[in-house]
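Asks: Below: one structure in C-alpha cells.
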Amino acid sequence: YVLSLTVGVSVAHLYPKSDYISMSSSTGNTPTPPAGGITGVLRHINAQKIEAGLWATRLLTVVYTFNYVFPMFGGHPASYFGKALLANAATSALRLHQRVSTVSLSWRTLLGTLYAEDSAHYLGYSLIFYFGCLETISLVLVPIVMFAGLHAVSYTLTLLDCLNPGPMWIKKMLVEMVKNYSSQILRVIALSEIFIMPLTIIFVFTGKVILLTPYPYFKFLGCRYASRRNPYSKTMFQELRLFLEMSAGSDKVPAALRSLIYKAINIVSGMYPVQN
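The sequence shown lines up with residues 138 to 413 when you count with this note's numbering.
And the structure:
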C-alpha cells in the first residue's frame with residue numbers, strides 16, 4: 138500500500154491534473170480515418186439513398202434488356218421488354234423527384250419545370266411504349282439501356298472510390314470508357330430517338346403500336362429537341378438535315394426523290410424550328 142501511494146504521488150507530481158485533462162481530451166478528439174471497404178460503400182449508400190436507388194434501377198434496366206435480347210433465364214421476351222421500360226420509368230421518377238423536390242410551385246410553373254426536365258421526358262417515353270406497344274420493338278430499348286449503362290458506370294466509379302482502396306484496374310477501365318465513348322453513346326441515343334418517330338407511324342399500320350402512339354412520341358421528340366441539358370438531339374437533327382440536303386443535291390438522285398426529300402425537310406423544320 139505504501140509503495141502504491143508513493144508511485145501515485147510521483148505520477149501526480151510528474152503529470153499535474155491539467156495535463157491529465159489535456160491528454161484525455163486530445164485522445165477522445167482524435168479524428169477517425171474514413172472507413173473503407175464494404176463499410177465505406179454501405180455508409181455512402183445509406184447517406185445517398187436516392188443516388189443508390191437510381192443506380193439499382195439503372196442496373197435493372199440493363200439486366201432486363203439483356204434478358205430481352207438473350208433470354209437465358211427463362212420467361213417471355215415481352216415480359217422483359219415491359220420490365221425494362223418500367224425500370225426506366227422508376228429511374229426517371231426518382232430523378233424527377235430529386236430535381237423537382239418543391240411543392241410550392243404553381244401549376245403553370247410546375248408544368249414549365251417538368252417540360253424542361255430530361256427525366257420527365259424519359260418518364261413519358263417509358264409510359265408511351267409500355268402502354269402503346271402491342272408488340273415488342275427492340276429499337277425502343279436502345280436509348281434507355283444506353284443511358285442506364287452510362288450513368289450506372291459513372292456511379293459505380295463513385296462506389297469504387299468508397300472502397301478506399303479499390304481495384305485500380307477496374308477504375309481505370311471504367312474512367313476510360315466514360316471518357317472515350319460517352320459522346321458517341323449520346324449521339325447514338327439521339328439518332329435512335331429520331332428514327333423511332335417515322336417507325337411509330339409505320340407500326341400503326343402494321344399493328345405493333347396503338348393508333349395514338351405517334352402523337353405523344355412527337356411531343357417527346359420536341360422536348361428532346363428543346364432540351365437545354367442535352368443538346369445532342371438538336372445536333373443530330375441539324376446533321377441529318379445537312380446530310381439529306383447534300384444527298385438531294387446530287388445529280389444521281391431522281392427528281393421525284395429530290396422533291397420528296399425537300400418536302401420532308403420542310404415539314405420537319407416546321408415542326409422543330411432551328412433555335413439559336
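Even for Gly, the Cβ is constructed at its ideal location relative to N, Cα and C.
Valine 315 to alanine 289, Cα distance in whole Å?
Replies: Their Cα atoms are separated by approximately 11 Å.
Asks: So what's valine 312 in DSSP terms, helix, strand or just coil?
Replies: Valine 312 falls in the helix class under three-state DSSP.
Asks: Using the rule of at least 16 other Cβ atoms within 10 Å of the residue's Cβ for burial, across every protein chain shown, is glutamate 254 buried or exposed?
Replies: Glutamate 254 should be labelled buried.
Asks: What does DSSP give as the partner residues of glutamine 346 in its beta bridges?
Replies: It is valine, not glutamine, that sits at residue 346 in the sequence shown. In the DSSP output, where bridge partners are listed per residue, valine 346 has Cys270.
Asks: Going along the chain, which residues of its own chain have a beta-carbon closer than 6 Å to the beta-carbon of asparagine 166, five neighbours each way excluded?
Replies: Interpretation of asparagine 166 is limited by its pLDDT of 49, a score under 50 that renders its predicted location unreliable; the figure taken from the coordinates is listed afterwards. Nothing listed; no residue qualifies.
Asks: Within the same chain, show all residues whose beta-carbon is closer than 8 Å to that of glycine 219, passing over the 5 residues directly before and after it, in chain order.
Replies: Answer for glycine 219: Tyr267, listed in chain order.
Asks: Spell out a yes or no on whether the stretch 320-328 and the stretch 272-291 are touching, meaning 3 or more CB-CB pairs, one atom from each, closer than 8 Å.
Replies: Segments in contact, yes.
Asks: Once the 5 residues before and after arginine 232 are set aside, which same chain residues still bring their CB inside 7 Å of it?
Replies: The answer, listed in chain order, is Leu191, Ser256.
Asks: In three-state terms, what does DSSP make of phenylalanine 207?
Replies: Residue state, collapsed to three classes: coil.
Asks: Under 8 Å, Cβ to Cβ, is there at least one residue of chain B near glutamate 254?
Replies: Chain labels in this structure do not include chain B; a single protein chain is all it has.
Asks: Leaving out five residues on either side along the sequence, give the residues of the same chain with a beta carbon under 7 Å from the beta carbon of serine 319.
Replies: So the qualifying residues of the chain are Leu287.
Asks: Rounded to whole angstroms, what is the Cα-Cα separation between leucine 358 and isoleucine 402?
Replies: Spanning the two alpha carbons is a distance of roughly 16 Å.
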